[in-house]
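Okay, so here's the structure we're looking at.
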Amino acid sequence: MYRSSQTGRWPASPPAGTTARPAPPPYTPVHAADLPPLPRTRRTGRVVRVGRRAAFFLVLPYTVLLLVGGLVPVGYAVVKSLQNESETGFGGLSSYQRVVSDLRFAETFGNVLLTLVIWLPLMLVGVVGLALLVDASSARFGAAMRFVYYLPGALAGVANFMLWLFLIDPGQSPVAFLWHGFGYRTLNEVAQPGNLPYILAAMLFFQGAGTWVVVLGGGLHSIPDELLEAARLDGADAWGVAWRVKLPMIRPWLGYLTLLNLAYGFQLFLEPQVLSQVTHGLIAPQWTPNQLSFSYAYQILDTPMAAAMSVILLAITLGVGLLVVRRSGLFDDER
Amino acid sequence: MIGRGARAGVAIATLALIGLTACKGPEGTGTADDATDSGGRITVWVDPPRLPAVSAFQRAYPDIPVDVMTINGNVGSTELQQKFVLFNQAGEGWPDAIFFPSNDDLAWAANSKINYVRDLTADLADVISQYAPGSISQCRIDGQYRCLRNDAAPDVLWYDKQLFAAWGYKPPATWEDYAALSVRIAAEHPGYVTGFLGDAYAPDRYLWASGCPTNHRLGERQVHLNLADPRCERIRDLLDRLVTAGAIASTGIFSPDATELGRRLVMSPGAVWWGNFLFRDTWKVPAGRITAAPPLRWSGDREPYTSSEGGGLWGFSRHIKGAQLRNTLTFARFVAADPRWQVELSVGLPGVVPLQQPWLDKQRQAGYLADFDAAAAAFVLASTIVRPERDYTRYNTGTVWTHTVTPALTSGRSFDHAWSVFGERLAGEARAFGYTVHDSA
Amino acid sequence: MPPALGRAGRIVTLLIVAAIFAYPVAAFALVALRRDDGTGPTGLGLGNARDSWTTVLRFNDGVVLNWLGNSLIVATGGAIVAVVAGLPAGYALARLHFPGRRLLRFCTLLTMVVPNTVLVIPLYLEVSAFGAVNNIWVVTLLMGFYPFGVYLTYIHFRTTLPVPVLEAARIDGLSEGDIFRRIAIPAARPAIALVGFFSFVANWTNFFLPLVLLPLSSSTTISVGLPQLVSSSPLFDPTNTAGLDVRLYAPQLAVATFVTAAPVIAVFVIAQRALTRGQMLGPTRR
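Here it is, written out as structure tokens:
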């Protein structure tokens, strides 16, 4: 569960994907044979019962973790969020009211949405474009390119942020010419709040794109050659093949990519937090919803408010998550 | 096995958890009920510039064992408070003495939820009485002294004596003169500045000095905050003029790009510690150029007042007793009022009055400031006229300022716009922290 | 468009994008090889990097080593828990029938796609109710909850472990436990490498969970510690030179960054070899 909280990548692709022939990602629809109907003899009846007991022991450790690390905290947060401010009794929705009436509530969501509006299209167009170009290339050259795109992803999490800190400081940056072109001379001018969504979008694209190029590459790779050949015989040029054959084949993955990254936007924390520090408070200390709930828990010390904010975030991301699970079609390997 | 069983499990676990978090009643501000005694060993947390204070204490009291931890925190950072929340939950871990990285930290440390700092009124009455009232009044919370000031940090008017002489200016005495001269300097000598607006201390420097009620604490959850007050509007109009004229830099004193500008700072209100800490050590302005004049006053005010920037506060734990408490109080006396730290080593003007003259004598020998006697007189005067009704609150006015006013100015918006955003945010944050905002006291 | 032109355009585009991706990383690596004592970067050489690392080690009496050690504990421990708990669960979900199976599978999918940081504050409330904040083993255990790993092994067993094989084993009289031990686990080696790798990387780079649950600076992990180095650097706050005796400029920060990233890169290289081999072995085995 506790995958990288900073990298925009969903670690769904096996690392083998960076080798010359990427294996398809592990969540490819699998149509393995279902269990045959069980014969109703006394003997197999016992096996099924024994199987149940075995299954119980096999799933027990994980189920405990699921409870401790997932369901109990969520349930507890819901209960806590319904307490009154002094945590002495039932408070109804008052903590939600306090959260929503906080000036920063709408603002933090606005910040995240703005970042997503810039980042998601960049991610979709960039990743699809690169994946198609790589797919159209020779195996060797394509693999080399894929590896280079994956490179920044190896500097995962905080390490990637450190790299970016160095990139966006005109005093240090190897792309200082770019900042000077914008008329920026200092870190505070580059990292001013109005630019933050763009910087974050670029940062997330930089660290996440490579993985998705690999993932989509796997999808493109699994398109049967006959299909492509048939399209070519029909007179389609390279663009036509890409547009009319390849793109529809990887469409469910694009939905998956969009939804996952959408949910990811709501977990931004580190980047605005440290940028706020190094710019001496130029960025609001509570720039994202997560920072706000952290502030409720540790600074304002209003536990019901922190719980309420978490429940709101959970509701949003669970909604997105349900959409992923139900609609993307990548998970229905059994009906 | 996960269906009904799991749901029942969640319910049981949740109920158990609620039982665990039952509340305790409110406690006083003296020694806590759970206080312990280490037998003498004390733990102190200080930022790097205060490390010499601990070393000096260890030399002076070699028989008191001291554990020291270095902390560093930016203004408005939540990291320190996070640790104290943990200590309160665990019932252990608090330091015995702490130098707060930011003065506003006092607000949560004294708040009834964390309630870490002890009431020093009785135990250290002899030390407290040595402070000028303006230096210690921010430590007085609901009638109790809950911290000691390390150094007095009143604002004076700093100016570059050489530039003033070369350009034929006289140091202004009032804010109105300061504004007029600033506008003139901006016109006559472009590239030179007469102030910094982009740091977390800027609201202290300008708003506090004017008496603008931003942090007037009326109670634990009551605050007087009103940016429509005439004392706010006059400083707003003044700053608006300076910004429009290009006289004041939108960057902050701690910013890396301030180093260059610091050497082209003609004059500015600023705390006593600016002399050594900023001009000499950070901006590296050559000796013999900088000096200080008495704080600016508003010509309409009957009394002259100034403000205070930083200055450092010491807090001491409620969770100790016996020998550990005795040694901690010995440490408290040492860092607040012993010349071996305050005169010999500290970079700021001592908070306690009797040590101010010895400290000034030592600074005179260092020979950094121009016109030392005038500057020294300005320091001493300023430390006695710090404007009251400005407290440290749990919302951080400086942080709100840096992420509203500073970016607005950096991106070229008008000061008027920046000011209205600041006012709205400030009241909003005060409310988010549970304060009821009052328009008047 | 003539095909040759299209081909050239494609290659040039890919190369330009590759340059955009590689250039910052390469430039940052060069910074790590420079020397800077506050007067600007000079020189280039491995000796500089070594000196910078010694400087980083002097920060707060070598707290960086504590951070690295803690990261190693939570990342490795979390990965082990994730494998040990996830493998049997993935197997049971894939190949056994039991009540609550669909619910467990659904919960797994759901917790897998919800970003983990939104669970951190609820976890903090839970853990602090039990008074277990600042306990590295609690954090390790929580990191061991890794639904994505369960999902991976689930998929793996469904693709590589045919039902008839299991049926045959049952008819041969093997108990369900034996089947899991003697058939499922050997078939699962690639899945173990995969889950271990992903979970290690995820734990190593996790920032929010240790930030909230390990608040003391000596007990936290490197991903929380690294930003502390940044805020102590005179690069972003010149007044830091006045107080601190350990001064971290760009080369020191870059070296610390690469040391932080090294385990992830190392695990990546190791796992990649194991995985490509494993994937060839897996299906042919049964």
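Residue numbers (the working numbering), protein chains in the order written: chain A, 75 to 409; chain B, 19 to 459; chain C, 3 to 288.
All C-beta atoms in this analysis are idealised placements derived from N, C-alpha and C, irrespective of residue type, glycine included.
According to DSSP, simplified to helix, strand and coil, what is residue i?
| i | result |
| --- | --- |
| A:TRP253 | helix |
| B:ILE82 | coil |
| A:ILE324 | coil |
| B:THR411 | coil |
| B:HIS456 | strand |
| A:TYR170 | helix |
| A:ALA389 | helix |
| B:THR61 | strand |
| B:ASP275 | coil |
| B:GLN99 | helix |
| A:THR137 | helix |
| B:ASP169 | strand |
| B:ASP178 | strand |
| C:PRO212 | helix |
| C:VAL116 | coil |
| B:PRO287 | strand |
| B:ILE471 | Any question about residue 471 of chain B goes unanswered here, given that chain B covers just 19 to 459. |
If we define contact as Cβ-Cβ less than 7 Å, is residue i a contact residue for chain A?
| i | result |
| --- | --- |
| C:PRO236 | no |
| B:ASP222 | no |
| C:LEU228 | yes |
| C:ALA34 | no |
| C:ALA10 | no |
| C:PRO188 | no |
| B:GLY446 | yes |
| C:SER73 | no |
| B:ALA354 | no |
Name the chain C residues that come within less than 9 Å of residue i, Cβ to Cβ?
| i | result |
| --- | --- |
| B:GLN381 | What B:GLN381 touches in chain C: nothing, since even the nearest Cβ is about 17 Å away. |
| B:PRO274 | PRO236, LEU237, PHE238, ASP239, PRO240 |
Under 6 Å: does the beta carbon of residue i sit that close to some heavy atom of the ligand PLP?
| i | result |
| --- | --- |
| B:SER286 | Judged by which ligands are present, the structure shown has none, so any question about the ligand PLP falls away. |
Name the chain A residues that come within less than 8 Å of residue i, Cβ to Cβ?
| i | result |
| --- | --- |
| C:GLY88 | TYR136 |
| C:LEU250 | None at all; the shortest Cβ gap to chain A is about 12 Å. |
Contact criterion: CB-CB distance below 7 Å. Does residue i meet it with respect to chain B?
| i | result |
| --- | --- |
| A:PRO346 | no |
| C:TRP64 | Correcting the residue identity first, residue 64 of chain C is Gly in this sequence and not Trp. Taking Cβ atoms only, chain B never reaches closer than 7 Å to C:GLY64, which makes this a no. |
| C:ALA268 | no |
| C:GLY133 | yes |
| C:PRO240 | yes |
| C:PRO320 | The shown model of chain C, from 3 to 288, leaves out residue 320 of chain C, and the question about it has no answer. |
| A:GLY355 | yes |
Measure from the C-beta of residue i to each C-beta in chain C and report whether the shortest distance is under 7 Å.
| i | result |
| --- | --- |
| A:THR391 | yes |
| B:GLN100 | yes |
| A:PRO100 | Any reading at A:PRO100 must be qualified, since the residue scores a pLDDT of 36, below 50, and its modelled position is unreliable; the value itself is stated next. Chain C contact via Cβ: present. |
| A:GLN351 | yes |
| A:ALA128 | yes |
| B:THR54 | no |
Run through chain B and tell me which residues come within less than 9 Å of residue i, C-beta to C-beta.
| i | result |
| --- | --- |
| A:SER155 | In chain order: nothing, as chain B lies at least about 12 Å away. |
| C:SER130 | THR39, VAL103, LEU104, GLN107 |
For residue i, which residues from the same chain have a beta carbon less than 6 Å from its beta carbon, with the 5 sequence-adjacent residues on both sides left out?
| i | result |
| --- | --- |
| B:LEU343 | none |
| C:VAL83 | GLY146 |
| B:THR424 | GLY216 |
Short of 7 Å in beta carbon distance, which residues of its chain neighbour residue i, apart from the five on each side in sequence? Order them along the chain.
| i | result |
| --- | --- |
| B:LEU279 | VAL211, ALA267, THR269 |
Can you name the residues of chain C whose CB is closer than 8 Å to the CB of residue i?
| i | result |
| --- | --- |
| B:ALA108 | GLY133, VAL135, ASN136 |
| A:THR377 | LEU127 |
| B:THR277 | PRO240 |
Along chain B, which residues have their Cβ under 8 Å away from the Cβ of residue i?
| i | result |
| --- | --- |
| A:TYR372 | THR96, GLN99, GLN100, VAL103 |
Using the beta-carbon of each residue, which ones in chain B are nearer than 7 Å to residue i?
| i | result |
| --- | --- |
| A:GLU263 | THR428 |
| A:ALA358 | HIS421 |
**Prompt:** For the stretch 187-264 of chain B, which segments carrying the beta strand (DSSP E) assignment without a break, of at least 3 residues, lie completely within its bounds, in sequence order?
**Reply:** The qualifying runs are 234-237, 240-242.
**Request:** Entirely within the stretch 144-212 of chain A and at least 4 residues each: give me those alpha helix (DSSP H) ranges in chain order.
**Result:** The stretch 144-212 of chain A contains these whole alpha helix (DSSP H) runs: 146-155, 168-175, 177-210.
**Asked** In chain order, which continuous runs of the alpha helix (DSSP H) of length 4 or greater are located wholly inside the stretch 325-376 of chain B?
**Response** Listed in chain order, the alpha helix (DSSP H) elements of length 4 or more contained wholly in the stretch 325-376 of chain B are 340-355, 357-360.
**Request:** Taking only runs that begin and end inside the stretch 380-426 of chain B, name each unbroken alpha helix (DSSP H) of 4 or more residues, in chain order.
**Result:** Runs found: 390-402.
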